[in-house]
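As given, the protein sequences belong to chains A and B, one line each in that order. Numbered according to this note's numbering, the first sequence spans residues 1234 to 1347. Numbered according to this note's numbering, the second sequence spans residues 161 to 271. Ideal Cβ positions, reconstructed from N, Cα and C, are used throughout, including at glycine. A quick note: this is a predicted structure, and the numbers were derived from the prediction, not measured.
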Amino acid sequence: NAGVTQTPKFQVLKTGQSMTLQCAQDMNHNSMYWYRQDPGMGLRLIYYSASEGTTDKGEVPNGYNVSRLNKREFSLRLESAAPSQTSVYFCASSIPGIYNSPLHFGNGTRLTVT
Amino acid sequence: TQLLEQSPQFLSIQEGENLTVYCNSSSVFSSLQWYRQEPGEGPVLLVTVVTGGEVKKLKRLTFQFGDARKDSSLHITAAQPGDTGLYLCAYRMEYGNKLVFGAGTILRVKS
């Protein structure tokens, strides 16, 4: 059971380059999330998708775009990477409508922007 | 967005010691969740506390939700190196299915 799969695991970009982080889940969850994790700041929500075809901004959406391609896949795109976007990015999924359903996380993508 | 403050930020102890980490806020929550994150992996849910004053045990880990539902604590008895990791508390926003995390406590247990 793969759960939540993120690709790539590591990436180095130069300032101004673009890239897409991929996320797929095989648990038939409706809700999917993108978080970034920086030292001393915990996990901050970038974007959220309640279901296929819907997306919503989180706490730190600037500089990012998302696509909910289908129920399984939720991608995060950096159009013009900046050093401030150096971080570890986590994708997660959950079952909506069930109170306190847990988030299931992938193992992250470590991104460095030089 | 309500703020969750976790303390201490970092804790380094010897195997066999006991410890407590805290998750505090000035806001009242309907529930709180605790996650543990090991290096190179994503967070994994440990427990959800819902009722004020509730105590939940998970082997050597004891979780408590404050009576006023503004704070929570995690107590580990006889810590082991396998307990090493980042401990995060989180609450679910009232509207939408979004989870907000505290900054976490990094625990290192030395053998």
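Next item on the list: Please determine, among A/A1314, A/N1261, A/D1289 and A/P1329, the residue with the shortest C-alpha to C-alpha distance to A/T1253.
Entry: Among A/A1314, A/N1261, A/D1289 and A/P1329, the Cα nearest to that of A/T1253 belongs to A/A1314.
Next item on the list: For the region 1242-1313 of chain A, list the beta strand (DSSP E) runs that are entirely contained and at least 3 residues long, ordered along the chain.
Entry: Runs found: 1243-1246, 1252-1258, 1264-1270, 1276-1282, 1297-1301 and 1307-1311.
Note to self: Just verifying my parser: in three-state terms, what is the DSSP assignment at B/Q197?
What the structure shows: The three-state reading of DSSP puts B/Q197 in strand, counting E and B together.
Notebook entry, point to check: Which residues bound the beta strand (DSSP E) around A/T1240?
Noted result: Looking at the DSSP string, the run of the beta strand (DSSP E) that includes A/T1240 is V1237 to T1240.
Checklist line | Proximity test, Cβ basis, 8 angstroms: A/S1308 and chain B | finding: Output row for A/S1308: interface = no.
Next item on the list: Can you give me the Cβ contacts of B/F170 inside the same chain, cut-off strictly under 6 angstroms, excluding the 5 residues immediately before and after it?
Entry: Result list for B/F170: I266, in chain order.
Margin query: Does chain A have any CB closer than 8 angstroms to the CB of B/A263?
Written below: Answer yes: the Cβ-Cβ gap between B/A263 and chain A drops below 8 angstroms somewhere.
Next item on the list: Tell me, please, whether the CB atom of A/M1252 is closer than 8 angstroms to any CB atom in chain B?
Entry: Not closer than 8 angstroms to any Cβ of chain B, the Cβ of A/M1252 fails to qualify, so no.
Check: Can you find a CB in chain B that lies within less than 8 angstroms of the CB of A/M1265?
Finding: Closer than 8 angstroms: no.
Notebook entry, point to check: In terms of alpha-carbon separation, which member of A/K1242, A/L1309, A/R1310 and A/E1312 lies closest to B/G202?
Noted result: Selected option, being the one with the closest Cα: A/K1242.
Margin query: Taking 8 angstroms as the cut-off, does the region 169-187 of chain B touch the region 1319-1326 of chain A (at least 3 CB pairs, one atom from each stretch)?
Written below: In short, these stretches do not touch, since the Cβ pair count stays below three.
Next item on the list: Look at A/V1299 and A/S1282 and say whether their C-beta atoms are less than 8 angstroms apart.
Entry: Between A/V1299 and A/S1282, the C-beta gap is smaller than 8 angstroms, which places the two residues in contact.
Next item on the list: Can you say whether A/V1237 is buried or exposed, counting buried as having 16 or more other CB atoms within 10 angstroms of its CB?
Entry: The residue is buried, with at least 16 neighbouring Cβ atoms inside 10 Å.
Next item on the list: Can you give me the start and stop residues for the beta strand (DSSP E) that B/F261 sits inside?
Entry: Unbroken beta strand (DSSP E) run through B/F261: L259 to F261.
Notebook entry, point to check: Is B/Q240 helix, strand or coil when you go by DSSP?
Noted result: Judged by DSSP in its simplified three-state form, B/Q240 adopts coil rather than helix or strand.
Notebook entry, point to check: For B/E165, which residues in chain A fall below 8 angstroms Cβ to Cβ?
Noted result: The contacting residues do not exist; B/E165 stays about 11 angstroms from chain A at best.
Checklist line | Chain-ordered chain B contacts of A/F1338 [CB-CB under 7 angstroms] | finding: Chain order gives the chain B residues near A/F1338 as G202 and P203, where near means a beta carbon separation below 7 angstroms.
Note to self: I need the boundaries of the beta strand (DSSP E) containing B/N184, first residue and last residue.
What the structure shows: In the DSSP assignment, B/N184 falls within the beta strand (DSSP E) that extends over L179 to N184.
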